[in-house]
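In my numbering, the protein residues as written are 182 to 389.
For reference, the structure discussed in these notes is given below.
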């Protein structure tokens with residue numbers, strides 16, 4: 182990791198937005214993404230006990246994806262239609278996979294979700310990681326392809342090799358890198374991981 186570039190990005194961001202994400206302008210931007218409301222909603226509808234009703238929990242997962250500003254508007258209806266079109270056994274398998282991802286054996290849950298979504302050509306990083314972010318906002322990360330590739334490039338995370346198909350190994354490595362980067366900047370830049378990756382997105386571009 183290039184710590185000098187990270188510190189430069191921090192200085193630029195805090196110069197423009199004193200107070201980081203407590204800055205009034207950033208607060209207005211944050212409201213548009215409704216992260217806090219979706220975090221509260223996910224804490225309720227994706228709690229372990231809710232998975233006793235597989236049909237309802239999948240409906241709630243579809244609603245979370247649909248309401249997220251971080252998921253592409255093109256992926257939302259495709260995801261909804263795919264999940265709604267699954268047979269009973271596949272729906273049960275997908276619900277169990279999300280339960281493992283959020284409450285149990287993460288790696289198996291992650292891999293199972295990728296396998297199911299692959300059947301509909303929907304094994305996208307955004308769809309695989311969004312629920313984890315909302316349910317564990319300070320531990321898990323949302324992998325947005327363009328931002329992730331820019332972060333790897335600009336901050337020289339040479340141990341990470343991005344691929345379009347989600348893999349647990351990459352996710353683990355990226356999550357660890359994000360935690361390491363957070364430890365080197367002011368806490369006002371990371372009230373949650375969505376905000377921190379938002380900071381990274383705003384300070385990286387293909388032109389820099």
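Even glycine gets a Cβ: it sits at the ideal position worked out from N, Cα and C.
Since this is a predicted model, take the numbers as computed values, not measurements.
Buried or exposed (CB count within 10 angstroms, at least 16 for buried), residue i
i, result
"residue 241", "buried"
"residue 367", "exposed"
"residue 329", "buried"
"residue 207", "buried"
"residue 325", "buried"
"residue 388", "Any reading at residue 388 needs caution, since the residue's pLDDT is 45, under 50, leaving its predicted position unreliable; the model's value is listed next. The residue in question, residue 388, is exposed, as its Cβ has fewer than 16 Cβ neighbours within 10 Å."
"residue 184", "exposed"
"residue 228", "exposed"
"residue 191", "buried"
"residue 258", "exposed"
"residue 205", "exposed"
"residue 317", "buried"
"residue 255", "exposed"
"residue 347", "buried"
"residue 305", "buried"
"residue 285", "exposed"
"residue 299", "exposed"
"residue 249", "buried"
"residue 209", "exposed"
"residue 357", "exposed"
"residue 253", "exposed"
"residue 327", "exposed"
Supposed contact pair residue j and residue i - C-beta distance, whole angstroms, cut 8 Å
i, j, result
"residue 251", "residue 307", "7 Å"
"residue 369", "residue 201", "3 Å"
"residue 359", "residue 377", "7 Å"
"residue 297", "residue 275", "5 Å"
"residue 322", "residue 374", "5 Å"
"residue 182", "residue 320", "With a Cβ gap of about 20 Å, residue 182 and residue 320 do not count as contacting."
"residue 245", "residue 211", "At roughly 18 Å, the Cβ-Cβ gap does not stay under 8 Å, so residue 245 and residue 211 are not in contact."
"residue 260", "residue 243", "7 Å"
"residue 186", "residue 335", "6 Å"
"residue 332", "residue 385", "6 Å"
"residue 272", "residue 235", "6 Å"
"residue 290", "residue 263", "At roughly 18 Å, the Cβ-Cβ gap does not stay under 8 Å, so residue 290 and residue 263 are not in contact."
- Message: Would you call the segment 190-203 in contact with the segment 274-288, where contact means no fewer than 3 C-beta pairs closer than 8 Å?
- Response: no
- Should the segment 332-341 be called in touch with the segment 351-361, which here means at least 3 C-beta pairs below 8 Å? yes
- Within the segment 192-232, note down every full alpha helix (DSSP H) run reaching 4 residues or more, in order along the chain. 205-214, 216-226
- Tell me, please, whether the segment 210-230 touches the segment 261-269 by the rule of three or more beta-carbon pairs shorter than 8 Å. no
- Contained alpha helix (DSSP H) runs [length at least 4] in the segment 290-346, N- to C-terminal order: 306-316, 326-335
- Message: Suppose only complete runs of 4+ residues qualify. What are the alpha helix (DSSP H) ranges in the segment 224-280, listed by chain order?
- Response: 235-248, 256-266
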